[in-house]
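In my numbering, the protein residues as written are 14 to 356.
Structure (structure tokens):
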């Protein structure tokens with residue numbers, strides 16, 4: 014009897030377990046599809062716009078040095094000072110050169126007096142031609158020494174070879190100056206260049222004389238310039254080409270070394286993929302992506318490379334999408350790879 018009771022107890026437990034499992038399965042619901050908005054991608058015509066980072070460069074930089082050696086006895090300008098072409102920058106002690114000039118003057122006067130007397134004898138035929146040639150040569154040498162000494166005195170005064178700004182002063186009063194050793198560095202900034210590097214795929218589009226818009230973040234200002242220099246030789250390592258945009262800088266507000274952004278519109282159109290900015294998601298690693306759906310209404314996260322933003326709050330896509338792809342434009346914050354969607 015006891016065995017029979019245990020048998021029925023076991024059957025009852027199994028029945029209750031089966032009912033419990035059935036009730037649990039009936040309570041589970043299939044994941045609901047996420048409601049989203051989608052858009053089919055079509056390529057559109059876009060006026061080509063080329064954008065580059067740039068650095069402002071001076072029109073000219075000059076290292077200025079004395080043409081004569083000596084001790085500096087006067088420095089007339091400081092770093093950061095604006096100077097004019099021909100302005101006095103510094104002088105060196107001219108005492109030695111002044112003494113040399115006095116000696117050269119005396120030597121010349123003596124040679125000139127001797128030449129005058131002997132020339133009269135030569136004309137009369139009373140002086141051998143060899144002696145006449147010797148005194149004539151001596152006169153020429155003394156005249157040359159006089160000119161050299163006079164130039165050395167002039168070289169003790171250093172003048173600015175161009176208008177610009179003193180960027181470095183390498184001498185002080187009492188220091189020694191010598192030919193070839195820089196005394197000052199001057200930059201010419203009444204006209205400057207915005208230097209950009211351009212990939213091989215774009216260098217053929219840019220032409221001399223094209224107008225460029227140069228934006229200076231530091232000044233929060235944009236200035237027009239023209240392409241004036243296109244280097245035909247690519248950099249060996251980066252395979253990019255250097256291009257310079259000439260900018261009038263009469264206001265002197267553009268300084269060498271400033272960062273800038275250059276925009277060039279070559280007035281050409283190109284077929285591009287443009288999607289709403291709301292469709293683009295940027296994660297914590299600064300990676301941009303979108304969700305693409307298919308005929309089964311499931312989505313796949315797809316990484317993209319973005320370009321410029323248009324005036325219609327749309328983004329140009331450089332890589333990652335193809336024409337006729339269907340992307341999610343709204344509701345993607347609730348999505349993950351493989352999610353079901355409805356639209």
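For glycine and all other residues, C-beta sits at the position ideal for the given N, C-alpha and C.
From what residue to what residue does the alpha helix (DSSP H) around residue 213 run?
-> Here the alpha helix (DSSP H) through residue 213 covers 213-216.
Roughly how many angstroms lie between the CA atoms of residue 209 and residue 274, to the nearest whole one?
-> The C-alpha of residue 209 lies about 9 Å from the C-alpha of residue 274.
Determine the DSSP secondary structure at residue 272, reduced to helix, strand or coil.
-> The DSSP-derived three-state label of residue 272 is strand.
Three-state secondary structure (DSSP) of residue 231 | In the structure shown, residue 231 sits in coil (DSSP, three-state: anything other than H, G, I, E or B).
Under three-state DSSP, which class holds residue 139?
-> DSSP places residue 139 in coil when its eight states are reduced to three.
Grouping DSSP H, G and I as helix and E and B as strand, with all else coil, what is residue 115?
-> In the three-state DSSP reduction, residue 115 falls in the helix class (H, G or I).
On the DSSP bridge assignment, give the partners of residue 50 in chain order.
-> Answer is 343, bridged to residue 50.
State whether the region 65-83 contacts the region 143-159, with contact taken as three or more CB pairs (one from each stretch) at a distance under 8 Å.
-> Per the Cβ contact rule, the region 65-83 is not in contact with the region 143-159 (fewer than 3 Cβ pairs under 8 Å).
Secondary structure at residue 250, three-state DSSP: helix, strand or coil?
-> Three-state result, residue 250: coil.
Within the chosen definition, does the region 195-203 reach the region 71-86 through at least 3 CB pairs nearer than 8 Å?
-> Flag = yes, the region 195-203 and the region 71-86 touch.
Which first and last residues belong to the beta strand (DSSP E) in which residue 286 is found?
-> It spans 282-289 - the beta strand (DSSP E) in which residue 286 sits, taken as one unbroken run.
Could you give the residue range of the beta strand (DSSP E) that holds residue 69?
-> Annotation for residue 69: the continuous beta strand (DSSP E) segment containing it runs 63-77.
Contacting residues, own chain, Cβ-Cβ under 6 Å from residue 305 (five flanking each side not counted) = Hits under 6 Å: 313, 315, 338 and 340.
Give the DSSP-derived three-state secondary structure of residue 336 in the structure shown.
-> Of the three classes helix, strand and coil, the one that applies to residue 336 here is coil, per DSSP.
Between the CA atoms of residue 204 and residue 97 - distance to the nearest angstrom | Distance between the alpha carbons of residue 97 and residue 204 is about 15 Å.
At what residues does the beta strand (DSSP E) containing residue 102 begin and finish?
-> Unbroken beta strand (DSSP E) run through residue 102: 101-105.
Would the region 163-179 and the region 110-129 be scored as touching if the rule is three or more Cβ pairs under 8 Å?
-> A contact exists between the region 163-179 and the region 110-129.
Determine the DSSP secondary structure at residue 5, reduced to helix, strand or coil.
-> Outside the shown range of the chain, which is 14 to 356, sits residue 5, and nothing can be said about it.
Is there contact between the region 179-188 and the region 230-243, where contact requires at least three CB pairs shorter than 8 Å?
-> Segments in contact, no.
For residue 206 and residue 257, believed in contact at Cβ under 8 Å, the rounded distance | Indeed, because the Cβ distance is near 4 Å, the residues count as touching under 8 Å.
Taking C-beta to C-beta, are residue 322 and residue 332 nearer than 9 Å?
-> Contact flag unset, no.
Between the region 213-223 and the region 111-126, do three or more beta carbon pairs fall short of 8 Å?
-> Taking 8 Å as the limit for Cβ pairs, the verdict is that the region 111-126 does not touch the region 213-223.
Alpha carbon of residue 253 to alpha carbon of residue 62, nearest angstrom | About 18 Å.
What span of residues does the beta strand (DSSP E) with residue 318 cover, start to end?
-> Unbroken beta strand (DSSP E) run through residue 318: 318-322.
Just how far apart, CA to CA, sit residue 51 and residue 351?
-> Their Cα atoms are separated by approximately 16 Å.
Would DSSP call residue 134 helix, strand or coil?
-> DSSP places residue 134 in helix when its eight states are reduced to three.
In terms of DSSP beta bridges, what is residue 222 paired with?
-> Per DSSP, residue 222 has no beta-bridge partner at all.
Buried/exposed call for residue 84, threshold 16 Cβ in 10 Å | Here residue 84 is exposed. Its C-beta has fewer than 16 other C-beta atoms within 10 Å.
Taking buried to mean at least 16 other C-beta atoms within 10 Å of its own C-beta, is residue 238 buried or exposed?
-> So residue 238 counts as buried.
Where residue 190 sits in the DSSP three-state scheme | Three-state result, residue 190: strand.
Which residues DSSP lists as bridging residue 152, in chain order = Looking at the DSSP output, residue 152 shares a beta bridge with no other residue.
C-beta atoms of residue 266 and residue 219 nearer than 9 Å | At a Cβ-Cβ threshold of 9 Å, residue 266 and residue 219 do not count as neighbours.
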